[in-house]
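**Q** The opening residue of the sequence shown carries number 625 in this note's numbering; numbering runs sequentially from there.
Using N, Cα and C, we set each Cβ at its ideal position, and we do this for glycine too.
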Amino acid sequence: MLSVSDASALIQTHKLALPNERVFIEEALGRVLRQSLTADRDVPPFDRVTMDGVAFRFAAFAGGQRQFRVAGVQTAGQPTGPLTDPSACMEVMTGAVLPEGADTVVRYEDLTIENGLATVNIEEVTEWLNVHRQGTDKTQGVVLLDVGTWLRAVDVAVAASVGASTVQVAALPRVAIIATGDELVNVDQTPAPHQIRHSNTYAIQSALRSVGVQASINHLPDEPEQLKQGIANLLATNDMIITSGGVSAGKADFVPDTLVSLGVHCHFHKIEQRPGKPLWFGTTEGDKKVAFGLPGNPVSTTMCVYQYVIPFLRASMGQPEPATQYAQLAQPVTFKPKLTYFLPVRLEHRPDGLRVAHPLPGSGSGDFTNLIDANAFVVLPADRTEFAAGESHRIILI
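Printed below as a string of structure tokens:
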């Protein structure tokens, strides 16, 4: 069996090589750029007024003039009008082009305007006051967003500002989620006493959406030939498959052998961890296809998705990995097996900024109700059995 750290590192060496695709900027949020975007003109593109007020020549003010004749009004969106009279001013609105001939703006709050004359009531006036000079942020041709940028809302706005109605990004992986098991029925069906509705698939699908990946949900029976044909079809049309169930040592756990028979090389099967010990991971030749075989127990499934699957997808798509987060144990914990323990906890954010992890009762993996009150797993290392209250450990948010 591999350790958690070795398994995580091995998975990251088999990232998917995703192609490029072009999308409209309305669909670009959360995607990773595969092109650089440059400024098509200076930013700002003109000397821009930053306060409502009047614009005039600073030289006139420096020469002692405090009263200026109002020669007109310049609003945002209007072409610039010249200020030809050095003793005059022009009313200007925020976002307007600074009138040609003016170099200073005094806001309305510092003025008195009567009978067509603006009187400046302050002495703290400098040249280019309340003016955002052309090109002071960025100059034409400079790279604004580079290859590999994970696009946030502000980045989408930058793309729009330089006229990029479409952008080239890393394609999203095609993912199929497969529930296996004859005991499962669809969510809209009434289960018989010996059956349950399959819910793992919806947990996986929802978690993947948090990183922008849309995945299909599929259900295959525990019959070897039907299972093989179903997985073969989904492997052919997807970059990645995630199975839930059928990877342990039961008589109906056919997934590992089925994947191998379809040309998926097993890189590991089982990790020194609880829950989620039977995790299976493999790829086809050249890492063209990837398969995760998750245990069927819901808590195991959830933990493995957040610990292994989502980091793999982030890395394949070029998304940044979030900073590691920690919390202090609220109470002592004892765990005897020499396994990394992913303990479900409820996080408390205290007024002093301290984040405390409260272990939740019930350590079984068999039901999502065990996770209703959980919002994280705390990761307890395998080399110890006793963990004291107040110790700080890594957490995985869920």
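(1) Across the segment 709-724 and the segment 670-683, are there enough close Cβ pairs to call them in contact, namely three or more that are closer than 8 angstroms?
(2) Can you check which of these residues, T773, A726, G887, D779, is closest to R757 by C-alpha distance?
(3) Buried or exposed: where does K913 fall if 16 or more other Cβ atoms within 10 Å of its Cβ makes it buried?
(4) Since L903 contacts C928 with CB under 8 angstroms, what's their CB separation in whole angstroms?
(5) Is it the case that the Cβ atoms of L995 and V884 are separated by a distance below 8 angstroms?
(6) My assumption, with CB atoms under 8 angstroms, is that T925 sits in contact with A827. Please give the rounded CB distance.
(7) For L1021, is the classification buried or exposed, using 16 other Cβ atoms within 10 angstroms of its Cβ as the cut-off for buried?
(8) Leaving aside the five residues before and after C713 along the sequence, list all residues of the same chain whose C-beta is less than 8 angstroms from its C-beta, in chain order.
(9) Sort T728, A915, L775, E849 by Cα distance to R658 and report the nearest one.
(10) Below 8 angstroms, how does it come out for the segment 763-778 and the segment 630-641: are there three or more Cβ pairs, yes or no?
(11) Which runs of the beta strand (DSSP E) spanning at least 3 residues fall entirely within the segment 763-834, listed in chain order?
(12) Alpha carbon to alpha carbon, how far is P815 from V791?
(13) Looking at the strands, I want to know which residues DSSP matches up with T718.
(14) Quick one: grab the DSSP three-state call for A860.
(15) Let's test the definition: count the other Cβ atoms within 10 Å of the Cβ of Y732 and tell me whether it reaches 16, buried, or not, exposed.
(16) Take I737 as the anchor and find which of I895, R690, A795, A631 has the nearest alpha-carbon.
(17) Can the beta-carbon of N842 be found less than 8 angstroms from the beta-carbon of L858?
(18) Out of P968, V744, L844, which one is the CA nearest neighbour of D991?
(19) Report the rounded CA-to-CA distance for R821 versus H973, giving the unit in angstroms.
(20) Among A803, F1001, Q819, P946, which has the Cα closest to the Cα of D877?
(21) Within 10 Å of its beta-carbon, does S834 have 16 or more other beta-carbons around it, so buried, or fewer, so exposed?
(22) Could you pull out every residue in the same chain whose Cβ sits closer than 6 angstroms to the Cβ of Q952, ignoring the five residues on either side in sequence?
(23) Could you check the C-alpha separation between D1007 and R898 for me, to the nearest Å?
(24) In chain order, what residues of the same chain lie with their CB nearer than 6 angstroms to the CB of V767, ignoring the 5 residues before and after it?
(25) I'd like to confirm the pairing. Which residues does DSSP put opposite F892 in its beta bridges?
(26) How about D666 and T763: are their beta carbons less than 8 angstroms apart?
(27) Given this structure, state the Cα-to-Cα distance separating I746 from V730, to the nearest angstrom.
(28) List in chain order: all unbroken beta strand (DSSP E) runs of 3+ residues lying wholly within the segment 641-690.
(29) Going by alpha carbons, who is nearest to A788 out of D846, E651, M717?
(30) Suppose the cutoff is 8 angstroms on Cβ atoms and the five residues either side in sequence are ignored; what does the same chain contact list for G705 look like?
(31) Is the beta carbon of W752 closer than 8 angstroms to that of T728?
(32) Figure out for me which residue from E748, F916, Q813 has the closest Cα to the Cα of L634.
(33) Which parts of the segment 952-1003 are runs of the beta strand (DSSP E), unbroken and 3 residues or longer, counting only runs that do not cross its ends?
(34) Per DSSP, what kind of secondary structure is V694 in: helix, strand or coil?
(35) Taking the Cβ atom as the reference point for each residue, do V1002 and V793 lie within a distance shorter than 8 angstroms?
**A** In terms of the structure at hand:
(1) yes
(2) A726
(3) buried
(4) 5 angstroms
(5) no
(6) 6 angstroms
(7) exposed
(8) V678, A679, F680, F692, R693, V694, A695, L707, A726, A742
(9) L775
(10) no
(11) 767-769, 790-794, 799-804
(12) 47 angstroms
(13) T718 pairs with nothing; no bridge assigned.
(14) helix
(15) exposed
(16) R690
(17) yes
(18) P968
(19) 35 angstroms
(20) A803
(21) exposed
(22) V980, G1014, S1016
(23) 14 angstroms
(24) S660, T662
(25) F905
(26) yes
(27) 9 angstroms
(28) 644-648, 677-680
(29) E651
(30) G696, Q698, M714, P723, E724
(31) yes
(32) F916
(33) 964-973, 979-983
(34) strand
(35) no
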